[in-house]
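When the sequence shown is numbered by my numbering, its final residue is 382 and no position is left out of the sequence of numbers. Reviewing the structure listed below.
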Amino acid sequence: MLKKYLDKIRPSFEKGGSLHCFRSVFEGFESFLYVPNTTSKSGTNIHDSIDSKRIMSIVVIALLPALLFGMYNIGWQNYAAAGRLAEATFFEMFAYGFLAVLPKLLVSYIVGLGIEFAWAQMKGEEIQEGYLVSGIIIPMIIPVECPLWILALAVAFSVIFVKEIFGGTGMNIFNVALAARAFMFFSYPTEMSGDNVWIARDSIFGLGNTLPDTFTQATPLALVSKTADAGYSLQDMLLGFIPGSIGETSVVAIGIGAVILLFTGIASWKTMLSVFVGGAVTAFMFNSIGETPIPWYEHIFLGGFCFGAVFMATDPVTSARTETGKYVYGFLIGFMAIVIRVMNPGYPEGMMLSILFMNMFAPLIDYCVVQRNISARMKRTAKK
């Protein structure tokens, strides 16, 4: 019935219709609900049931375990800080975290999609679907205490200057979500780092606890840079019961998302594996010479390393696209992330900068791989 209704009102949005000015909005909504029944008019075509919106939807599904656990962890950390963990139920902790994260999700999507809708209308183009993923990732990689107005500014900056100005989905050089986080980190460092931003402080609709203004809680990586001890057990690191960005704490939840992405073929296992290998090898080397006090594997489990390796290094738009290039690209991300962590005590997390830096060099990596293949083929041809 919904499809019949959309077919009925479509003429109003087509050229000459009374609602033609909203054609982009209608087409975006329709293609989100149904696979477009169109193909190109020339050349050989393969009709597939999956399009870019379906790919984005699968990525969103893969992100849900980390997001849902992040909501629960927000409540868990709040009740633990207040010394009332034994009194709280699972529902109370999850509901508190849900209410803390929901405004951030709404601001991210309202601002981001609002700009994309306006941009599409202004240019008379179809609404692009790339922000479906960026819109959920951005709130997941920020502290729970990040003000909403800063989030809104970062989303607007990222969508306009990192994505749309380069041509929209598929044309951006840098990862949109990471660019938003970089904007927040360098523009408002006190709201994005330190010991005051990782634990939700205020009660919400009677849930949670109001913590004193003097309460502080450092992330494990921050503790390492200060005391040479992460301060948490390996089990807490794996399950995610540690302070950190909303969706980045649970290795188990991120691992579930990784399985979904790899099983569906959405993400490249070559890139993902190379990031972990690069990070593990580098952390082992630093640990062997005494430059980092924690075991090499804790570097992989802490901070945003796993989240970045699974969901952002594998971004097909901004990562290397050649098969050999994926190995090089991923390894260098893992390598740089650990180098930044160990060699820069003032910045204990390095995943964001390493991925953004390698986004810039991904085209060069692909170019070198392609030229190497061309040279090898030319030599083989010359021998014949």
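All C-beta atoms, glycine included, are put in the ideal place defined by N, C-alpha and C. Owing to the predicted nature of the structure, the values given are computational and were not obtained by experimental measurement.
Assumed close pair residue i, residue j - CB separation to whole angstroms, cut-off 8 Å
i: Asn173; j: Asn357; result: 6 Å
i: Asn71; j: Thr247; result: 6 Å
i: Gly68; j: Ile244; result: 4 Å
i: Gly348; j: Ala360; result: At roughly 18 Å, the Cβ-Cβ gap does not stay under 8 Å, so Gly348 and Ala360 are not in contact.
i: Phe329; j: Gly276; result: 4 Å
i: Val340; j: Glu289; result: 5 Å
i: Tyr325; j: Ser272; result: 5 Å
i: Leu176; j: Met310; result: 6 Å
i: Lys102; j: Pro137; result: 4 Å
i: Ala220; j: Ile292; result: Incorrect: roughly 12 Å between the Cβ atoms, too far for contact.
Proximity of residue i and residue j at Cβ, strictly below 8 Å
i: Ser352; j: Ile363; result: no
i: Thr316; j: Ile171; result: yes
i: Ile407; j: Ala60; result: Residue 407 lies beyond the residue range present for the chain, which begins at -1 and ends at 382; the question has no answer from this structure.
i: Leu149; j: Ile140; result: yes
i: Tyr94; j: Gly206; result: yes
i: Leu146; j: Val99; result: no
i: Asp200; j: Thr208; result: yes
i: Thr167; j: Gly128; result: yes
i: Phe282; j: Trp294; result: yes
i: Ser132; j: Gly110; result: yes
i: Gly73; j: Glu85; result: no
i: Cys304; j: Ile240; result: no
i: Met182; j: Ala216; result: no
i: Ile134; j: Leu65; result: yes
i: Tyr327; j: Thr379; result: no
i: Glu143; j: Ala198; result: yes
i: Ile264; j: Val57; result: yes
i: Phe333; j: Thr280; result: yes
i: Met235; j: Glu296; result: yes
Residue(s) in a DSSP beta bridge with residue i
i: Ile202; result: Leu205
Buried/exposed call for residue i, threshold 16 Cβ in 10 Å
i: Gly306; result: buried
i: Gly301; result: buried
i: Gly344; result: exposed
i: Asp313; result: buried
i: Val250; result: exposed
i: Gly255; result: buried
i: Arg179; result: buried
i: Thr225; result: exposed
i: Ile158; result: exposed
i: Met(-1); result: exposed
i: Met120; result: exposed
i: Gly242; result: buried
i: Met376; result: exposed
i: Met169; result: exposed
i: Phe274; result: buried
i: Ala116; result: exposed
i: Phe92; result: buried
i: Ser156; result: buried
i: Pro9; result: exposed
i: Phe88; result: exposed
i: Pro346; result: buried
i: Ser185; result: exposed
i: Ser191; result: buried
i: Ile210; result: A small fix is needed here, since residue 210 is Pro in this sequence, not Ile. It counts as exposed.
Cβ of residue i within 8 Å of any chain D Cβ
i: Asn371; result: No chain D is part of this structure, which consists of one protein chain only.
Cβ-heavy atom distance, residue i to the ligand COA, below 7 Å
i: Ser10; result: Judged by which ligands are present, the structure shown has none, so any question about the ligand COA falls away.
Pick out the complete alpha helix (DSSP H) segments inside the segment 218 to 300, 4 residues or longer, and give them in chain order. Fully enclosed alpha helix (DSSP H) runs of 4 or longer: 218 to 225, 232 to 237, 249 to 262, 267 to 286 and 294 to 299.
**Q.** Segments of 3+ residues assigned as beta strand (DSSP E) that fall wholly inside the segment 60 to 133
**A.** none
Which runs of the alpha helix (DSSP H) at least 4 residues long sit entirely within the segment 309 to 362? Give them in chain order.
321 to 341
Practice problem: Could you tell me which uninterrupted alpha helix (DSSP H) segments, each at least 4 residues in length, are contained entirely in the segment 166 to 199, listed from first to last along the chain? | Solution: For the segment 166 to 199, the continuous alpha helix (DSSP H) assignments of 4+ residues that do not extend past its boundaries occur at 174 to 185 and 187 to 190, in sequence order.
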